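Input: a single structure, listed below in structure tokens.
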RNA sequence: GGGCGCUUAGCUCAGCUGGAAGAGCAUCUCGUUUACACCGAGAGGGUCGGGAGUUCGAACCUCUCAGCGCCCACCA
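Numbering (the working numbering), first residue to last: 4 to 881.
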């Protein structure tokens, strides 16, 4: 017996536990059926579930469950990411509370501490994913720093290195002075700010009374200046090229060079060149062989190459300006809109900084990654993201993969006594190589840098399946079927996976990539902890159940658009689950079980043939929606069917059958109702796995668990099966509408007459009880010879005229108004039809079916107009 | 500067190949009918951002203007 109230808390967790215990999330490797696989975008191991995960993982679970029901061999590969910078920062923050830094602990102890933290808070997000209903194969859970994946990382690294695709170089990189590490271009966020532009001048060497005027936003970097550039095409300044000027304060002589980087239109036309601290200047410096002077310490304070060693850039800036003023070289300071680079994790200003770093030759790897998408081996959905992808791949820069952090994959690089590099998968091999190289045993020093987190996640699609071993899982599930993720990590992750997979596996990591938007707050603002507008999915689940949250995500997911969270909508989907629950209770109360001796496809009753056809139609639409990644369409189709068709009409329409005496009709209807309810549970299961399972299990006789039930195969629909009941529904609605317009209480049982053609009269005869019941009529009969009187109110439905005698209660003035309004609408429509049909080119050029339909509408409207006019005439004088 | 997207009912949004404008919420009016008040019945509400074009026909295609948003690059 079902409880009277739908309470998801009663069963959601138990159901999940059962699925997991039964091993239902594991693919059956003995079978030889089609494979379907998804690798989860690994969440940060120490993270907690947010609404973005709820969306991402709901969509994946829907696909996974759908494909499982299609009978495929399904793997949803779960796991977590070590999230280098993020995790290290969390632990460092903890240490800070104890008044410690990571340096106080030392590398080894610090890493131990991070592992401890991972152990302590690592399981949270996976438990939360379970609560959401995610049917991942947890027995295969992986971690980017577990033994297997670490081995994959080392192997890929060595391979790339030996192929010359990883190299070490001293280059300008984005330096995060807080974390004291290099970061990649993608980890830098440009922010608009109003800064200052400083105009000042450098005296010329050969004539200190003459000056070259320059403009800069960062005067303190002048100590790193090794030239001033002007354009060769600058008529005002070109004559200075080849001369020298004197860098004030430090009185260093630097050349004035000719370079097109200096735009005559911008600033003063002369640019100070600081090759070690500006990406453009770095290029200029290379072109002119300029020295590169590093003026910063790793924490972005100025170093001993400047007069202001130890000061921050801001402090040094103040001093520099003051000194320049003192020397009479400062000219003016103006407000200047500019963009400043910030570290997306640390939030501090990023400095271009000269260091030794390791790079992946991304431009080379991008070639195959780009081709695979161009050749549709991997398809973006929606496909517009293809452009974004190509755009980036076409302009890709070398990928800086070294991080001066402690938490992460330490690079498999060892240095010999003379800094000779040995790149091998493990220390022994490296040692052996080194010993052989030097002809004696040598001490090796391991590279201390770790790898960018995205290096290991880039291998995720194959490393989690067992690579480098050629496992059954790898053979079966690679390439994976689809990757589901947000647009924000297309470059970080999708592109890197493409590059790494094409390089290692020579095949795409996934055949499709479904990109969804962001989950925003109710007002459409981005959710962030700092704004305090985040909503915890666990609280939502607590309040409304996981099914409601899931359904919200699915029903809101339309391609290429962000989702605004809406509590009222989530509540609405909880109500939807309640509605379904109650419909199931109705079926239970009326013993709607599958009847062994009755084949629902042979149903006789119109009402049953109708719902069977509608159910089939719904199934086909949902299937089509899921096949095309149209989650909202699929979800809304089931919703409309369950509520608008099954509950609002079918259940109401079959009540008279159950309350009647016709045993044959009751048996048939029980079987059909049970069948359709089952159909609902099956089709709805991927979206709302819990409530559907609870209802499915309510029937003791199940031979298969819902999660493993077969997705229905498409059957043909006979349009005739729908006609009668569709007509009856229109008819009932017309009467209800009339009753409401007439203010007739529901209790008032009315007699109704109908003037209709033979066909419609037959339907009325067949469906008389049903119509009377739902329209609350005492009787419904053909008008025949009954005279039409002034106190009969009238409405039309399709071609039929409905007349209801209301002795003495008709407000004629109001009735005239109502009829007049109907007449006005009809006239307006008729004008439209006439305009179209009198248009010669419409009649000639539009498809015949469209023209015929227009004609039919015109005829119907004309007939109805006559009827309304009649009714008006009847009461004209009252 | 380059690219992408959005503008449809009071609100949040559907509307796939062009063929009479839809949903949920909100609003109004009825209603304790034996699945459900987390409910039922009915109703109101839109010149689909403006303009032009293509077409027999445009929310949908093209151009243009306006507003909003995102991504990438750059600004000494």
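Even for Gly, the Cβ is constructed at its ideal location relative to N, Cα and C.
Keep in mind that this is a model prediction, so the values were computed, not measured.
Is any heavy atom of the ligand MN found at a distance shorter than 6 Å from the C-beta of residue i?
| i | result |
| --- | --- |
| residue 710 | The ligand content of the structure shown is nil, which means the ligand MN is not present either. |
Measuring CA to CA, which of the options is closest to residue i?
| i | options | result |
| --- | --- | --- |
| residue 70 | 410, 626 and 252 | 626 |
| residue 477 | 414, 615 and 464 | 464 |
| residue 469 | 137, 122 and 151 | 151 |
| residue 654 | 276, 533, 745 and 677 | 677 |
| residue 648 | 628, 614, 672 and 661 | 614 |
| residue 516 | 13, 40 and 34 | 40 |
| residue 159 | 506, 178 and 124 | 506 |
| residue 644 | 659, 666, 32 and 686 | 686 |
| residue 78 | 688, 553, 199 and 27 | 27 |
| residue 727 | 769, 691 and 20 | 769 |
| residue 781 | 547, 752 and 798 | 752 |
| residue 32 | 691, 762 and 76 | 76 |
| residue 494 | 480, 394, 590 and 445 | 394 |
| residue 491 | 565, 514, 103 and 445 | 565 |
| residue 176 | 700, 472, 18 and 297 | 297 |
| residue 6 | 591, 692 and 375 | 591 |
| residue 331 | 204, 12 and 115 | 204 |
| residue 811 | 825, 793 and 826 | 793 |
| residue 269 | 234, 809, 844 and 101 | 234 |
| residue 397 | 428, 107, 303 and 498 | 498 |
| residue 908 | 426, 423 and 520 | Here the chain comprises residues numbered 4 to 881, so residue 908 is not present and cannot be evaluated. |
| residue 9 | 693, 851, 786 and 779 | 693 |
Quick one, are the C-beta atoms of residue i and residue j less than 7 Å apart?
| i | j | result |
| --- | --- | --- |
| residue 85 | residue 148 | yes |
| residue 247 | residue 208 | yes |
| residue 684 | residue 695 | yes |
| residue 414 | residue 61 | no |
| residue 169 | residue 50 | no |
| residue 346 | residue 179 | yes |
| residue 833 | residue 874 | no |
| residue 462 | residue 411 | no |
| residue 536 | residue 524 | yes |
| residue 724 | residue 860 | no |
| residue 482 | residue 514 | yes |
| residue 459 | residue 93 | no |
| residue 408 | residue 104 | no |
| residue 715 | residue 772 | no |
| residue 121 | residue 48 | yes |
Since residue i sits in a beta bridge, which residues does DSSP pair it with?
| i | result |
| --- | --- |
| residue 863 | Beta-bridge pairing links residue 863 to no other residue. |
| residue 198 | 339 |
| residue 785 | 757 |
| residue 247 | 258 |
| residue 361 | 171 |
| residue 417 | 425 and 449 |
| residue 84 | 47 |
| residue 216 | 204 |
| residue 644 | Paired residue(s): none; residue 644 is not in a bridge. |
| residue 795 | 808 |
| residue 523 | 529 and 567 |
Could you give the residue range of the alpha helix (DSSP H) that holds residue i?
| i | result |
| --- | --- |
| residue 328 | 316 to 329 |
| residue 773 | 771 to 778 |
| residue 620 | 609 to 630 |
| residue 159 | 150 to 165 |
| residue 282 | 282 to 290 |
| residue 672 | 666 to 687 |
Tell me which residue opens and which closes the beta strand (DSSP E) that residue i is part of.
| i | result |
| --- | --- |
| residue 488 | 483 to 489 |
| residue 337 | 333 to 346 |
| residue 117 | Careful: residue 117 lies outside any beta strand (DSSP E), inside the alpha helix (DSSP H) at 110 to 124. |
| residue 519 | 513 to 519 |
| residue 276 | 273 to 276 |
| residue 147 | Premise fails: residue 147 is in no beta strand (DSSP E) and is neither H nor E. |
Self-check item: Complete beta strand (DSSP E) runs within the stretch 15 to 64 (minimum length 3 residues, chain order)
Solution: 38 to 42
Quiz item: At which residue ranges does the stretch 797 to 854 contain complete alpha helix (DSSP H) runs of 4 or more residues, listed in the order of the chain?
Solution: 815 to 840 and 843 to 848
Quiz item: For the stretch 529 to 584, which segments carrying the alpha helix (DSSP H) assignment without a break, of at least 4 residues, lie completely within its bounds, in sequence order?
Solution: For the stretch 529 to 584, whole alpha helix (DSSP H) runs of length 4 or above, ordered along the chain, are 540 to 547 and 549 to 559.
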